[in-house]
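K.L.:
Sequence order for the protein chains is A and B.
Quick note on my numbering: the first sequence kicks off at 73 and runs consecutively.
Quick note on my numbering: the second sequence kicks off at 704 and runs consecutively.
The beta carbon of each residue, even a glycine, is placed where N, CA and C say it ideally should be.
Note that the coordinates shown come from a computational prediction; the quantities given were computed from them, not determined experimentally.
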Amino acid sequence: MNVLETQNVTKVFQEGREQVNVLNGVSLALEAGEIVALEGPSGSGKTTFLSIVGCILTPSSGRVFVDGEEVDSLNPAQLPEIRKKSIGFVFQQYNLFPSLTALENVQYALKIKGKTGPAARKEADKALESVGLTDRKNFLPRDLSGGQKQRVALARALAGAPPLMLADEPTANLDTQLGTQIIELFRESAKRDNRGVLIVTHDPKVRTIADRVLQIRDGRILQ
Amino acid sequence: MVDLAFKSLLHDKLKFAITVAGVAFAVMLVFVQVGLFMGLMDNATITIQNISADLWVTSKNTPNIDFSHAFPQAYVERVRTIPGVERADNLIIWFSQLSLPSGAQEGTEIYALEDFSKWNLPWNIQSGDVEQLRRGRYIMMDNSAIKRYGKFEVGEYREINESRFKIIGRTRDARSFTTTPLTFMDYRLVQGLNQQQLTNRTTYILVKVASGADINTVQKEIQRRLPFNDVYTKQQWANKSRSYWIVNTGLGLNMAVTVFLGCLVGIVIVAQTLYSSTMEHLKEFGTVKAIGGSNADIYSILTKQASIAAIAGYVVGAGMAYGLRPAMAKVDLKLMISNELSVMVFVGALVLCLGAAMISFRKVASIDPALVFRT
């Protein structure tokens, strides 16, 4: 089953009087348990594509299905529900809440998803355990290394068990060893939980765990 | 429960302290301004509130209790004949000059009755017997006079309008809005001091209504029989006296402007701090949106932070205002903080802070969650 499918997705931005075609008919299918690496140079449209499949932007045309639900025609007010229910994000800059501990960062994501109380606490503990951070769960982000922060971000993305995980350059700020550890965690998460993972990256190490590697250039996926 | 609003607010303790200080300053300013104003207003009517008269007969258009005008004292006989009147007596309130031992002169506001004890005046006697006032050239003076007259003792003499009087007692809390110290003496004596204006004349008639009688009916009947005087209930007379000082002197406007400025300073500080905090946390709010949070989730964070700032600022500001009371009392300023004022200031602080938070709402609504992908 596809957890993500796009059909001829385009995105046009208006910049002054000019129209800029950022995506020119991108089609992609991502199955549950599959890891796809999306590579491309700056300006190729990969972040815009990630935003569209992450239900942050809507496409100018084309169809987008997330976990079987067509989302391209939803109005912007409906998109947070899809993000909440079906998508976990991992960002290049981690984007952790600096005032919350590792555990609280994960718990807060669960709270947004409507999960609170002891069950949420247990799930957050489990998510941190799965990324090997049990002993750092009460640390604030400022007291964690880059790799540990990214693992917290990964645990936060795993919380609530979304069927689709989207990652934007998750290893860009990490050294080789830490980067390898992180992408290994992505692989484990995808295979263990049958989760579809789309990783936008420049990092060749990601190729080693990806089931497929796609290239995007000028808003088009090269086969 | 993870409380992002609370933790995020306390994460930057200095900024939180500045926010709280802003609210606290505004709260304290409002408490002090309004409290002093209420203290002044209390002084303006404290004798009206304590004298046990149900109705006051004044000369026509007397603006407040201190600015009295004389009218024939025989009018009291007319009042005494009205059904429902239990007791009616003349009261003279009159400004005179009091000579100090230093040779200087100060004003004094004389309250003169034939029988003080029947009217609960003075109501707080520190020493002396008020019954003795009518038995000689005696006066009682209020302790608040010390600031203007210097120290005085029972048994000493003072001259009023060049007549010598023995101090036979001291009172407390008897003040006027004008800050002129109050002196109590016998009715006939004050008439003797000011013969030209006060011979056979009084400035007020105090009326006690019999139990069971309707005050309004008695008031109307007195007004009918004394058409060239005004008749007020205790509350009406207190309100009229207060409103004179508030409206005619610009004191009310002065206070309103100061309170407004205090609130403005508070709201600007809180709004500025919350807005800059929002700007600094844009990426965090973008992350909240990216992980599925709505604008409402972020509004609730800002609302909670504003409420916390309001509560903390209120506690600090109110504490400072209460702490100032003894110091103000030492310089003879009465800072009155009533329960009603406390509740109103709390609600005001909360509303101001929430209003300030709303300035950030528009910014939050426009946050593009895609900014989480930007480095």
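(1) Please state whether DSSP places Arg928 (chain B) in a helix, a strand or coil.
(2) Give me the residue from B:Tyr841, B:Thr952, B:Phe819 and B:Val910 with the minimum Cα distance to Thr881 (chain B).
(3) For Glu812 (chain B), I'd like the list of residues in its chain whose CB is within less than 6 Å of its CB, leaving aside the five on either flank, ordered along the chain.
(4) Compare the C-beta of Pro190 (chain A) with all C-beta atoms of chain B and state if any pair is closer than 7 Å.
(5) Using the DSSP secondary-structure output, state which residues sit across from Trp759 (chain B) in a beta bridge.
(6) Ignore the nearest five residues each way along the sequence and tell me which others in Gly742 (chain B)'s own chain have a CB closer than 7 Å to its CB.
(7) Between Arg155 (chain A) and chain B, is there a C-beta pair that is closer than 7 Å?
(8) Can you grab the Cα-Cα spacing for the pair Ser847 (chain B) / Asn932 (chain B), in whole Å?
(9) My guess is that Trp759 (chain B) and Tyr935 (chain B) are in contact by the Cβ rule of under 8 Å, so how many angstroms apart are they, rounded?
(10) If you check the beta carbons only, do Leu76 (chain A) and Leu102 (chain A) fall under 7 Å apart?
(11) How do the segment 726-739 of chain B and the segment 890-905 of chain B stand: do at least 3 beta-carbon pairs fall below 8 Å, yes or no?
(12) Between B:Ala747, B:Asp845, B:Leu816 and B:Arg861, which lies nearest to Arg837 (chain B) when the distance is taken from Cα to Cα?
(13) Using DSSP's beta-bridge definition, name the partner residues of Gly268 (chain A).
(14) At what residue ranges does the segment 177-262 of chain A contain a whole run of the alpha helix (DSSP H), taking only runs of 4 or more?
(15) Taking Cβ-Cβ distances below 7 Å as the criterion, which residues of the segment 264-275 of chain A are in contact with chain B?
(16) Would DSSP call Tyr852 (chain B) helix, strand or coil?
(17) Assign Phe868 (chain B) to one of three DSSP states: helix, strand, or coil.
(18) Opposite Lys83 (chain A) in the DSSP bridges: which residues?
(19) What is the C-beta distance between Val81 (chain A) and Gly105 (chain A), in whole angstroms, given that I count them as a contact (C-beta under 8 Å)?
(20) With which residues is Gly160 (chain A) paired in a DSSP beta bridge?
(21) Any idea what DSSP makes of Ala109 (chain A), helix, strand or coil?
(22) Tell me the DSSP secondary structure of Val968 (chain B) in three-state form.
(23) Could you round the C-beta distance between Val973 (chain B) and Ala1059 (chain B) to whole angstroms and report it? I think they count as a contact, below 8 Å.
(24) Anything in the segment 161-195 of chain A with a Cβ closer than 7 Å to a Cβ of chain B? List those residues in chain order, please.
(25) Express the C-alpha separation of Cys966 (chain B) and Met888 (chain B) in angstroms, rounding to a whole number.
(26) Quick one: any contact between the segment 897-907 of chain B and the segment 780-799 of chain B, if contact means 3 or more CB pairs under 8 Å?
(27) On the criterion of 16 or more Cβ atoms from any shown chain inside 10 Å, does Tyr907 (chain B) qualify as buried, or is it exposed?
(28) State the beta-bridge partners of Gln829 (chain B) as determined by DSSP.
P.N.:
Per the coordinate set shown:
(1) helix
(2) B:Thr952
(3) Phe798, Ser879, Thr883 and Leu885
(4) no
(5) B:Leu909 and B:Tyr935
(6) Leu1036, Lys1037, Leu1038 and Met1039
(7) yes
(8) The straight-line gap from Cα to Cα measures roughly 32 Å.
(9) 5 Å
(10) For Leu76 (chain A) and Leu102 (chain A), yes; Cβs fall inside 7 Å.
(11) no
(12) Each of B:Ala747, B:Asp845, B:Leu816 and B:Arg861 was checked against the Cα of Arg837 (chain B), and the nearest Cα belongs to B:Leu816.
(13) A:Leu236
(14) 189-202 and 218-230
(15) none
(16) helix
(17) Phe868 (chain B) falls in the strand class under three-state DSSP.
(18) According to DSSP, which records beta bridges pairwise, Lys83 (chain A) is partnered with A:Leu95.
(19) About 23 Å; that fails the 8 Å criterion.
(20) A:Met237
(21) Correct three-state label for Ala109 (chain A): strand.
(22) helix
(23) 4 Å
(24) Phe161, Phe163, Gln164, Gln165, Asn167, Phe169, Pro170, Ser171, Leu172, Glu176, Gln179, Tyr180, Ala181, Lys183, Ile184, Lys185 and Thr188
(25) 46 Å
(26) yes
(27) Burial state of Tyr907 (chain B) is buried, judged by a 10 Å Cβ sphere holding 16 or more other Cβ atoms.
(28) None, per the DSSP bridge assignment.
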